[in-house]
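J.:
Residue numbers (my numbering), protein chains in the order written: chain C, 448 to 766; chain R, 207 to 645.
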């Protein structure tokens with residue numbers, strides 16, 4: 448009786464081979480997959496799908512409000528011989544190279560300056576951010592007025608001082624227009640570079656500087672052999688972002704020049720917008736934006752491989 | 207977005223009564239009587255979603271909304287009206303045409319109904335009714351809306367552009383009246399430059415102004431982007447002449463026109479730096495509204511575009527056609543609304559509210575009060591008669607619209623006039639792009 452009472456009520460589950468389902472259930476990777484699914488769905492829906500769609504549209508003759516037919520690489524072939532497209536490529540590269548280089552130089556200089564001990568340090572650092580806080584379109588409109596062909600404050604001041612007799616044709620002359628939009632971009636982009644580099648500077652341990660000072664290093668040597676090498680990872684990241692932002696700039700140009708005079712400041716992004724949305728030829732516009740991808744990938748690759756290399760991170764002779 | 211509920215209607219009504227612009231009850235009485243007699247009886251429970259372009263003049267919007275409100279009360283049709291900026295009207299209408307939903311009526315720009323001719327409700331009966339009643343349509347207006355003998359929409363009005371100039375400066379330059387031909391116009395501009403009272407018109411990407419005056423230059427010389435069968439004919443001796451003339455003209459202009467957008471000449475004229483330009487009536491209206499600009503207002507006059515060597519007016523004016531989609535559930539309500547807007551009792555007030563921005567397309571409105579109230583407005587009453595459609599002599603439609611939106615003609619002139627390209631190069635670039643659009 449006792450034996451019977453102790454007998455478990457449910458029959459013990461017979462030992463069997465683990466089925467695939469059992470294996471799967473116990474598999475952490477499988478579980479992980481399900482946890483990742485929401486993020487993946489998000490990325491596919493909002494990143495991969497639009498990108499794929501953009502690529503697909505560039506192979507069609509789609510217009511706004513009407514699906515297109517597949518036309519192969521016709522859009523790209525057309526752009527290959529399109530002088531305005533190549534002009535926009537040249538403009539974009541010029542704009543990106545010059546603006547990024549100057550932004551880096553000024554940004555680094557500002558960061559080093561702000562890293563020093565000085566009165567009202569916090570306030571000054573906040574002030575530097577102002578151009579970054581102003582909405583791009585607003586600052587672009589302000590620059591548009593500053594560089595206006597009739598009402599430019601600069602022309603007016605110079606005229607009052609008797610230095611010039613005619614208004615400077617800021618946005619109507621090819622060279623001037625390019626200088627003006629690049630200037631506006633630099634004004635807007637410097638705070639981002641400066642503040643991010645400043646953050647990087649603050650992670651450099653002061654003891655390194657102390658040691659170097661004891662060894663008799665000059666301030667240039669301290670910058671060259673301590674600050675710069677330790678800052679390179681941050682520089683790589685900042686400059687990648689800076690180049691990406693500049694390369695894809697749209698608002699500044701559109702508000703200031705609409706790509707003029709005579710397409711001299713048309714960037715690939717603005718040309719793409721003009722042809723796709725205003726002109727209605729979605730396929731061609733998509734092809735222009737897709738033509739930006741190789742350039743952007745190249746920029747990302749440079750910093751990606753840069754970040755992987757210790758030489759970049761820790762100074763030259765440390766491979 | 208303006209949703210006409212009873213409450214906003216009441217508010218609107220009181221505001222209008224207070225302003226005394228339109229007497230609410232009278233308009234309503236007319237609307238009721240009209241609804242009884244009109245050939246189109248709106249469907250029961252009809253509801254129309256109407257998209258229009260964003261107004262320039264508040265008074266025009268007020269007059270439009272008063273009509274909408276009166277129509278709603280008289281017919282019981284629910285009206286949902288909203289405005290979109292100029293650039294957004296066409297894309298949104300195209301999407302609606304493609305998806306077959308969302309909008310019933312669109313008041314758009316240029317040759318909008320020609321972009322999707324199979325998707326619009328044919329308006330032959332409305333056009334006949336109005337045309338018979340009001341002295342017929344102007345040819346230029348009709349062509350923007352017609353496909354063969356069918357009306358794809360109704361050309362509600364034209365937004366005209368003409369010469370705006372300072373009389374004192376033109377007289378000082380030795381002209382008692384504004385020149386009527388191209389050589390005279392060039393002489394005037396040269397003299398204006400010499401007197402340091404320069405003329406100027408946009409050479410930048412100004413969708414309204416630059417497209418307007420440069421197409422006038424092109425067509426005035428007998429040059430066109432495409433011929434009647436849409437073959438690209440831009441590469442012609444006439445185009446070359448147009449380029450050379452325009453280059454000589456722009457050499458006399460105030461510096462900076464290559465950077466101008468649609469607002470630049472308005473600003474420069476109103477500040478007294480610019481003495482002659484091509485524009486809508488907006489410069490004059492703005493001057494009139496500014497009490498500090500009394501002198502400038504009195505000195506400001508309008509003139510028709512001088513006529514080119516071709517010997518007849520060839521102007522690009524901005525038509526604003528209205529259309530209803532075929533898929534609307536309430537075609538009769540849509541037709542009734544469109545016909546109602548163009549009835550004299552409404553249209554005269556509407557034109558007056560627009561202060562010369564809008565030009566009638568029905569001949570009977572030639573003597574509408576807006577043109578006689580201020581003689582300086584009169585020039586703009588011609589805009590619907592002297593225009594070619596946006597396609598020139600080619601087929602109005604999507605391709606012509608694309609060519610204008612992509613600034614092909616503007617860039618061709620700007621390329622040559624700023625010295626970036628020689629004439630051959632400038633024409634070649636335009637020709638290549640046109641051939642693709644018209645392939």
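Glycine included, every Cβ here is placed at the ideal spot set by N, Cα and C. Every value quoted in this text rests on a predicted model; they were computed, and no experiment measured them.
Going by C-alpha to C-alpha distance, which of 510(R), 497(R), 531(R) and 312(R) sits closest to residue 592(R)?
T.: Residue 510(R) is the option with its Cα nearest to residue 592(R).
J.: Looking at the structure shown, is residue 369(R) part of a helix, part of a strand, or coil, going by DSSP?
T.: Three-state DSSP puts residue 369(R) in a strand.
J.: Which chain C residues are close to residue 635(R), counting only those with a beta carbon under 8 Å from its beta carbon?
T.: Those are 530 and 531, listed as they occur along chain C.
J.: Does any CB atom of chain C fall closer than 8 Å to the CB of residue 411(R)?
T.: Output row for residue 411(R): interface = yes.
J.: Could you please give me the residues that DSSP links to residue 253(R) through a beta bridge?
T.: 284(R), per the DSSP bridge assignment.
J.: Is the Cβ-Cβ distance between residue 327(R) and residue 567(R) less than 8 Å?
T.: Their beta carbons are not under 8 Å apart, which means residue 327(R) does not touch residue 567(R) by this criterion.
J.: Work out the CA separation of residue 343(R) and residue 319(R) for me, nearest whole Å.
T.: Between residue 319(R) and residue 343(R), the C-alpha separation is close to 17 Å.
J.: Name the residues in the segment 575-587 of chain C whose C-beta lies less than 8 Å from a C-beta of chain R; which are they?
T.: Residues: none.
J.: Evaluate residue 256(R) with the Cβ neighbour count: other Cβ atoms within 10 Å of its Cβ, from every protein chain shown; 16 or more gives buried, anything less gives exposed.
T.: Result: buried.
J.: Tell me whether the beta-carbon of residue 332(R) lies closer than 8 Å to the beta-carbon of residue 570(R).
T.: Contact: no.
J.: Check the Cβ of residue 463(R) against every Cβ in chain C and list those closer than 8 Å, keeping chain order.
T.: Those are 596 and 619, listed as they occur along chain C.
J.: Return helix, strand or coil for residue 527(R), following the three-state DSSP convention.
T.: If DSSP states are grouped into helix, strand and coil, residue 527(R) belongs with the strands.
J.: Could you work out which residues of chain R lie near residue 499(C), taking near to mean beta carbons separated by less than 9 Å?
T.: The contacting residues do not exist; residue 499(C) stays about 21 Å from chain R at best.
J.: Can you tell me whether residue 454(R) is buried or exposed? The criterion is at least 16 other CB atoms within 10 Å of its CB, across all chains shown.
T.: Result: exposed.
J.: Going by the DSSP bridge assignment, what does residue 508(R) pair with across the sheet?
T.: Partner(s): 370(R).
J.: Is it the case that the Cβ atoms of residue 527(R) and residue 361(R) are separated by a distance below 8 Å?
T.: Yes; because the gap between Cβ atoms is below 8 Å, this pair is in contact.
J.: Can you list the residues of chain C that residue 278(R) reaches, using a CB-CB cut of under 9 Å?
T.: Ordered by position in chain C, no residue passes the 9 Å Cβ test against residue 278(R), which lies about 29 Å from the chain.
J.: Relative to the C-alpha of residue 739(C), which candidate in 753(C), 718(C), 726(C) and 729(C) has its C-alpha closest?
T.: Minimum Cα distance to residue 739(C) is reached at 718(C).
J.: What three-state label does DSSP hand residue 405(R) in the structure shown?
T.: Strand.
J.: Cβ of residue 310(R) less than 8 Å from any chain C Cβ?
T.: No, residue 310(R) lies away from the interface with chain C (no Cβ there is under 8 Å from its Cβ).
J.: Tell me whether residue 245(R) sits in a helix, a strand or coil according to DSSP, three-state version.
T.: Looking at residue 245(R) - three-state DSSP - the assignment turns out to be coil, as it is neither helix nor strand.
J.: Using three-state DSSP, classify residue 386(R) as helix, strand or coil.
T.: Residue 386(R): coil per DSSP, three-state reduction.
J.: Would you decide whether residue 622(R) is buried or exposed? Buried here means 16 or more other CB atoms lie within 10 Å of its CB.
T.: Its Cβ being crowded by 16 or more others within 10 Å, residue 622(R) is buried.
J.: Answer yes or no: do residue 600(R) and residue 376(R) have a C-beta to C-beta separation smaller than 8 Å?
T.: No. Outside cutoff.
J.: If the criterion is Cβ atoms closer than 8 Å, does the pair residue 526(C) and residue 517(C) meet it?
T.: No. Outside cutoff.
J.: Quick one: give me the first and last residue of the beta strand (DSSP E) that residue 484(R) is part of.
T.: 482-485 is the extent of the beta strand (DSSP E) around residue 484(R).
J.: Between residue 562(C) and chain R, is the shortest Cβ-Cβ distance under 8 Å, so that the two count as touching?
T.: With 8 Å as the cut-off, residue 562(C) does not count as an interface residue toward chain R.
J.: Using a cut-off of 9 Å between C-beta atoms, extract the partners of residue 721(C) located in chain R.
T.: In chain order: 411, 611, 612 and 613.
J.: Compile a chain-ordered list of the residues in the segment 286-301 of chain R whose CB is closer than 7 Å to at least one CB of chain C.
T.: Residues passing the 7 Å Cβ filter: 293, 297, 300 and 301.
J.: Using DSSP bridges, identify the partner residues of residue 360(R).
T.: Answer by DSSP bridge pairing, in chain order: 528(R).
J.: Would you please verify whether the beta carbon of residue 479(R) is less than 8 Å from any beta carbon of chain C?
T.: So, interface residue.
J.: Tell me the DSSP secondary structure of residue 227(R) in three-state form.
T.: In this predicted model, residue 227(R) has a pLDDT of only 43, less than 50, meaning its place in the structure is not dependable; the value taken from the coordinates is given anyway. Residue state, collapsed to three classes: coil.
J.: Between which residues of its own chain and residue 280(R) is the CB-CB distance below 6 Å, once the five residues before and five after are set aside?
T.: So the qualifying residues of the chain are 237, 238 and 241.
J.: Is the beta carbon of residue 613(R) sitting closer than 8 Å to the one on residue 411(R)?
T.: Result yes, Cβ atoms of residue 613(R) and residue 411(R) sit closer than 8 Å.
J.: Taking the alpha-carbon of residue 233(R) as reference, which of 252(R), 270(R) and 260(R) has the nearest alpha-carbon?
T.: With distances taken between Cα atoms, residue 233(R) lies closest to 270(R).
J.: Measure the alpha-carbon distance for residue 560(R) versus residue 492(C) and round it to whole angstroms.
T.: About 47 Å.
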